[in-house]
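Protein chains in written order, with this note's numbering: chain Z, 1 to 332; chain A, 333 to 499.
Just so it is clear, CB atoms sit at the ideal spot from N, CA and C, and this is done for glycine as well.
Here is the structure we will look at, set down as C-alpha cells.
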C-alpha cells in the first residue's frame, strides 16, 4: 500500500503518483499570476462600466444561463455593483495569492454570472477554457506556495515545491484545447477552404493587427495556406512531441512561439495569451528546467564576457594626461 | 546531461483522506474533458449536433472562427468637422489591447448595438455625427468595400442618409 492508501501495483496508483509528483512552486505561481491577470484584464473594463454593460436597458446577449440573464432587470443596481466588486476582489486575491482556492470559487461564480447577464462584451473562447481551469484551482492545493501573500504570511522558504496535481490538470486542459482546436479545424476543412488566407483578407482593424495587415505578402493565398498547415501541424502534433522527452523542449519552444505569433499578429483577448502561454510551462520537468537554464547560461556567458571587457577597457578619464593627448591625436 | 535532483524544499502534505475516490474523481474529470472535446468536434459530424453536457467548459468548441465570415461590416464615424475615425474612438469599447476587433465582433453579433452606441454618444456629447458602415466581401475585391451605408446619428437616433463623397 502507498502512503495515500492505494495498492502500489494498480495502474490507477501509478497514474496518481505521476500526477502528484511535486513541481517547482514558482512555475505554479507564474501560472497563477498570469491566469488571474488575464481574467482581470478581460473583465475589469466591463465591470468598471456597469451602467453601459450590465444595466437592464442596454443591449444584451444571452449566451450562458438564461435564468441569470432574465434575473438581471429585477436586481437593484447596488447588488450588481457589489457582485462586480466581489468578482474583481476575488481576481485580485487570486493574483496576489491570498486564499487562491476561495478566490477561484468567487471568480468562477462572478465571471459566470456576469457572462450570463450579458455576453456581448465578454464572450470569448478563452473564457470557456478559464472555466475549465477555475474548478481545478478551487479544489487543488498549492497555487500559493511561492510569490504570494500566503507564502509571505506563512514564511514559506524560497524554492518551495508545490503539489503536482494542480499543474498537471492545468496542463492537460491547455493541451487538450490546443490539440482539439487542430482536430476541429481539420474536420471542418479549415485548410482546404484556406481560412488562414481569409483571415488575412479581412479588412484592416477587424482582427489582424495593423502592422501585420500592412505586410502585403501575408495577403497572398499561398502564404495563408502554408501558415494554415503549420498551425494545424503544431496543434495536432504537440502532444506526442511533449510526451517524448527528446523533443519536449523543441515542442515547448514551438508552442510558445506559436502563441507569441498569435498575440503579436491578431487582436485577441490578453486572457487567451496569458492562459495558454503560461499553462504550458508545466510541460517542463526539473530536468528540462535545468537544461533551459544551462542553455541560457551558455547564451549569456559570451554576452557577459563582452560586457566585462567593455567595462574593463580604460576610458579617457582613467588615463593620464599623456595618454589622453595621444587618444585625441588620431582625429587630427 | 545527468538528471538533476528536484529543486527546492518539499513541504509536507497530508495524505488524501479518500485516495481511491480522489483518484477516480481525477480520472472522471479528465474523461469528461475529453468527452466534451469529442462532443464539440466529432458529434456534430456524426450526429448533426453537439449534446448538452451541462458544465460550462464542455459547451463550446475550441476554434473561434472555424469559418471566417465572408461578408464583414466595418464601422467608421465622420464627425461634424469632417474628420473620419473608427467607431472604437467614440464607443469606448470595454476591452483592453484589442478594442477595435472586440467592438466590430460585438457589432457583428448584435445589430442593436449600433443604435445604443449612437444614443450614448449623442447624449454624452450632443454632437451630430455620421456612421459609415462599409461592407466587405472577402471573395470579391476584399481590399475595398462593396457597399457603404451612411447613418446620421443625433439625439433622435440613427437615420439613413446619402454617404459622403470620397475626397
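A distance below 9 Å separates the beta carbons of residue 42 (chain Z) and residue 124 (chain Z). Taking C-beta separations shorter than 8 Å and ignoring five residues to either side along the sequence, the partners of residue 239 (chain Z) in its chain run 175, 179, following chain order. In the three-state DSSP reduction, residue 95 (chain Z) falls in the helix class (H, G or I). The beta-carbon of residue 185 (chain Z) is placed less than 9 Å from the nearest beta-carbon of chain A.
Per the coordinates, the alpha-carbon of residue 47 (chain Z) lies some 18 Å from the alpha-carbon of residue 104 (chain Z).
Taking a contact as a CB-CB distance under 8 Å, the pair residue 425 (chain A) and residue 435 (chain A) counts as one, their CB atoms being some 4 Å apart. Within the same chain, and ignoring the five residues on either side of residue 136 (chain Z) in sequence, the residues whose Cβ sits closer than 8 Å to its Cβ are 166, 169, 170, 173. Listed along chain Z, the residues sitting closer than 7 Å to residue 369 (chain A) by beta-carbon distance are 176, 180.
Each of Z:249, Z:207, Z:282 was checked against the Cα of residue 431 (chain A), and the nearest Cα belongs to Z:207. Against chain A, the CB of residue 30 (chain Z) has no partner CB under 9 Å away; the residue lies outside that interface. Assignment of beta-bridge partners to residue 492 (chain A) by DSSP yields A:483.
By the rule that beta-carbons nearer than 9 Å mark a contact, residue 400 (chain A) touches chain Z.
Sequence-distant partners of residue 81 (chain Z) (beyond 5 residues in either direction) whose C-beta falls short of 8 Å from its own C-beta, in its chain, are 50. Judged by DSSP in its simplified three-state form, residue 430 (chain A) adopts coil rather than helix or strand. Between the alpha carbons of residue 62 (chain Z) and residue 56 (chain Z) lies a distance of about 13 Å. Comparing C-alpha distances from residue 372 (chain A) to each of A:469, A:358, A:359, A:388 shows the shortest one belongs to A:388. Across the structure, residue 494 (chain A) and residue 65 (chain Z) are spaced so that their CA atoms are roughly 42 Å apart.
Proximity of residue 124 (chain Z) to chain A, defined by a Cβ-Cβ separation below 9 Å, is satisfied.
Chain-ordered, the chain Z residues with CB closer than 7 Å to the CB of residue 373 (chain A) read 180, 183, 184, 187. In this structure, residue 38 (chain Z) and residue 260 (chain Z) do not form a Cβ contact; the two beta carbons are roughly 15 Å apart against a cut-off of 8 Å. For the C-beta of residue 59 (chain Z), the chain A residues within less than 7 Å are, from N- to C-terminus, 442, 444, 445, 448.
One alpha carbon belongs to residue 76 (chain Z), the other to residue 70 (chain Z), and they sit about 14 Å apart. The beta carbons of residue 149 (chain Z) and residue 88 (chain Z) sit no closer together than 9 Å. Against residue 128 (chain Z), the close residues of chain A are 388, 389, 390, 391, 392, 393, 394, in the order they occur along the chain (beta-carbon pairs closer than 9 Å).
Taken in chain order, the complete alpha helix (DSSP H) segments of 4 residues or longer contained in the region 115–140 of chain Z are 125–139. Using a Cβ-Cβ cut-off of 9 Å, residue 117 (chain Z) does not count as an interface residue toward chain A, since no Cβ of chain A sits closer than that to its own.
Two segments are said to touch when three or more pairs of C-beta atoms, one from each, lie closer than 8 Å; by this definition the region 273–289 of chain Z does not touch the region 448–463 of chain A. Residue pairing of residue 409 (chain A) in beta bridges, as defined by DSSP: A:417, A:463.
As a beta-bridge residue in DSSP terms, residue 404 (chain A) pairs with A:468.
In the DSSP annotation of this structure, the continuous segment of the alpha helix (DSSP H) that includes residue 363 (chain A) starts and ends at 351–373. The continuous alpha helix (DSSP H) containing residue 245 (chain Z) extends over residues 245–265. Leaving aside the five residues that flank residue 354 (chain A) on each side, the residues in its chain whose CB is nearer than 8 Å to its CB run, in chain order, 348. By the rule that beta-carbons nearer than 9 Å mark a contact, residue 438 (chain A) touches chain Z. Here the C-alpha atom of residue 93 (chain Z) lies approximately 45 Å from the C-alpha atom of residue 217 (chain Z).
Between residue 17 (chain Z) and residue 358 (chain A), the C-beta gap is not smaller than 9 Å, which leaves the two residues out of contact.
Closer than 9 Å to the CB of residue 104 (chain Z) there is not a single CB belonging to chain A.
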